[in-house]
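> There's a structure below that I have some questions on.
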Amino acid sequence: MNSVSSTSEPDSRPSDFFALTAGEFRERVRSLGLPAYRGEQVLAWVYKRFVADFDEMSDLSKPDRSALGAAFRFRLPSVSRVSRSSDRLTTKLLLALDDGAAVEGVVMHHPRRRPTLCVSVQVGCAQGCLFCATGSMGLSRNMTAAEILAEIWLLRRHMIREDKVDAVPTLVFMGMGEPLDNEEGFFRALAMLNSQEGFGLGSRKITVSTVGGPDRIRRLAELGLQLQLAVSLHAATDSLRGRLVPGQKGVAVAELVDAARYYFQKTGREVTFEYVVIQRVNDSEEDATRLAGLLRGFPGKVNLIPFNPVSHNAMKPPEPEALARFRELLTRASIKVTIRHSQGRDINAACGQLAVRERQASTPQVMRYA
Ligand code: SF4
1 MNSVSSTSEP DSRPSDFFAL TAGEFRERVR SLGLPAYRGE QVLAWVYKRF
51 VADFDEMSDL SKPDRSALGA AFRFRLPSVS RVSRSSDRLT TKLLLALDDG
101 AAVEGVVMHH PRRRPTLCVS VQVGCAQGCL FCATGSMGLS RNMTAAEILA
151 EIWLLRRHMI REDKVDAVPT LVFMGMGEPL DNEEGFFRAL AMLNSQEGFG
201 LGSRKITVST VGGPDRIRRL AELGLQLQLA VSLHAATDSL RGRLVPGQKG
251 VAVAELVDAA RYYFQKTGRE VTFEYVVIQR VNDSEEDATR LAGLLRGFPG
301 KVNLIPFNPV SHNAMKPPEP EALARFRELL TRASIKVTIR HSQGRDINAA
351 CGQLAVRERQ ASTPQVMRYA
């Protein structure tokens with residue numbers, strides 16, 4: 001007989017720690033007959049000291065450690081590879097999930113800003129953006145909220161233990177996958193990130209990057225969170241956007257901008273429009289003029305991202321003059337513009353370059369985790 005329990009029996013398997021909110025965890029600890037402060041101690045070990053092993057929680061009695069160990073487990077992905085950029089500001093972690101699926105997360109440091117963690121929410125992606133390596137993989141599956149949170153926890157632990165940086169990071173959901181294609185896992189993860197007993201990462205420190213569509217952006221607005229929204233636009237006409245972002249074919253860019261306006265009205269948060277600039281695809285003066293027309297009077301900004309080369313197509317970054325001219329035309333139309341100089345190109349960790357099947361050209365530096 002195997003050990004699978006019948007549906008009428010209580011589930012005796014250990015609960016996944018990262019699938020529980022702090023409140024749910026404390027409740028379960030109490031139901032084990034342990035004092036309430038035990039739950040608080042464990043939460044402090046996990047989220048303040050980045051220890052995910054009951055045996056290492058030295059202020060817990062041995063019997064309590066074994067009771068907790070029988071009731072909960074920390075399902076952390078294993079770190080298969082760690083790649084560091086030559087300037088040592090960017091580190092990419094290749095993570096193996098429980099079923100062997102692989103995703104990548106990135107830790108980025110900046111001389112004058114908080115560190116940033118770039119987080120994946122899906123194994124692959126169904127949107128198929130032509131300029132994105134993840135898009136060329138197709139979608140394998142969504143990540144659960146617990147997997148997303150365990151990924152963030154590992155990235156943060158890497159930042160603290162390996163990089164020796166103990167600042168509260170900002171999070172950008174710009175890794176593998178489209179967050180709004182995984183509403184269930186992503187929305188639950190967002191709710192849990194806010195908890196002060198847990199990650200303690202306020203919504204204002206979190207940026208969600210999405211291709212849309214309009215209805216889903218409206219639903220995100222309805223959550224009432226103060227998230228920073230970045231809408232991946234990349235083109236000012238429906239036909240060009242439909243080619244560059246095939247998963248959003250048939251969605252009018254004007255409707256997307258309307259949804260972004262709704263987001264701003266609901267949350268008061270300025271929206272950023274991301275625009276990957278690709279040589280002779282969407283970098284002409286005509287493209288810039290159309291974009292200026294589309295966004296005229298919008299209370300937000302445009303973030304121009306010079307295309308980062310990927311191996312699956314022959315697209316090229318814009319010429320510097322074309323990029324400067326593009327920016328100038330937007331600025332003249334009173335649109336705020338920034339240019340994002342992506343970090344970590346040499347380890348394929350820059351925007352649009354994450355794809356676990358690709359091998360780095362550089363020799364990765366492999367680290368061991370306790
Ligand atoms: S850019 Fe984002 S939405 Fe588009 S394929 Fe890549 S991960 Fe998916």
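To convert, note that position 75 of the sequence shown is 75 in this note's numbering; the numbers rise steadily by one, no gaps.
Cβ atoms here follow ideal geometry from the backbone N, Cα and C, with glycine treated the same way.
Going straight from the alpha carbon of Leu149 to that of Asp59, what length do you get?
Their backbone Cα atoms lie some 25 Å apart in a straight line.
> Closest by CA to Met315, which one among Glu147, Leu256 and Cys129?
Out of Glu147, Leu256 and Cys129, Cys129 has the C-alpha closest to the C-alpha of Met315.
> How about Leu180 and Leu229: are their beta carbons less than 8 Å apart?
Not in contact: Leu180 and Leu229 (Cβ atoms no closer than 8 Å).
> Ser85 and Ala349: beta carbons closer than 8 Å?
Yes. Within cutoff.
> Between the alpha carbons of Asn2 and Ala52, how many angstroms are there, rounded?
Because the pLDDT of Asn2 is 37, which lies under 50, any placement of that residue in the model is unreliable, and the number read from its coordinates should be weighed accordingly. Taking the straight line from one Cα to the other gives about 30 Å.
> Name the residue from Arg204, Ile206, Val302 and Asp346 whose alpha carbon lies nearest to the alpha carbon of Asn308.
If we check each option's Cα against that of Asn308, Asp346 comes out closest.
> Identify which residue in Ser195, Val106 and Leu20 has its Cα closest to the Cα of Glu151.
It is Val106 whose Cα lies nearest to the Cα of Glu151.
> Per DSSP, which residues does Gln228 bridge with? Please list them.
Answer by DSSP bridge pairing, in chain order: Thr207.
> Who are the Cβ neighbours of Arg65 in its own chain at under 7 Å, not counting the five residues just before and after it?
Contacts found: Phe54, Asp55 and Met57.
> In whole angstroms, what separates the C-alpha of Gly344 from that of Gly300?
Between Gly344 and Gly300, the C-alpha separation is close to 27 Å.
> According to DSSP, is Val253 helix, strand or coil?
Helix at Val253.
> Would you list the one or two residues that DSSP bridges to Asn303?
Per DSSP, Glu274 and Thr338.
> To the nearest angstrom, report how far apart His312 and Ala133 are at their CA atoms.
Whole-angstrom Cα-Cα distance: 7 Å.
> Under 8 Å: do the stretch 198-208 and the stretch 234-253 share three or more Cβ pairs, one atom per stretch?
At 8 Å Cβ cutoff, the stretches do not touch.
> Measuring only the C-alpha atoms, how far is Val123 from Asn142?
Those two C-alpha atoms are separated by around 6 Å.
> Can you grab the Cα-Cα spacing for the pair Ile305 / Glu274, in whole Å?
Distance between the alpha carbons of Ile305 and Glu274: 7 Å.
> Which same chain residues end up closer than 6 Å to Asn303 when comparing Cβ atoms and leaving out the 5 residues on each side of it in sequence?
For Asn303, where only same-chain residues beyond five positions count, the Cβ hits under 6 Å are Thr272, Glu274, Thr338 and Arg340.
> CB-CB under 7 Å to Gly247, same chain, minus the five flanking residues each way: which ones, in chain order?
Excluding residues within five positions, the ones whose Cβ falls inside 7 Å are Ala126, Gln127, Gly128 and Val211.
> Classify Leu117 as helix, strand or coil using the three-state DSSP reduction.
Reduced to three states, the DSSP call for Leu117 is strand.
> Taking the alpha helix (DSSP H) that Lys92 falls in, what are its first and last residues?
Taken as a continuous stretch (DSSP letters only), Lys92 belongs to no alpha helix (DSSP H), being part of the beta strand (DSSP E) at Thr90 to Ala96.
> Is Ser239 buried or exposed, if buried means 16 or more other CB atoms sit within 10 Å of its CB?
It counts as exposed.
> For Ser232, is the beta carbon positioned less than 7 Å from some heavy atom of the ligand SF4?
For the ligand SF4, at least one heavy atom lies less than 7 Å from the Cβ of Ser232.
> Cβ of Met174 within 8 Å of Cβ of Val165?
The answer is no: Cβ separation not under 8 Å.
> For Asp258 and Thr267, what's the separation of their Cα atoms in angstroms?
For Asp258 and Thr267, the distance between alpha carbons rounds to 14 Å.
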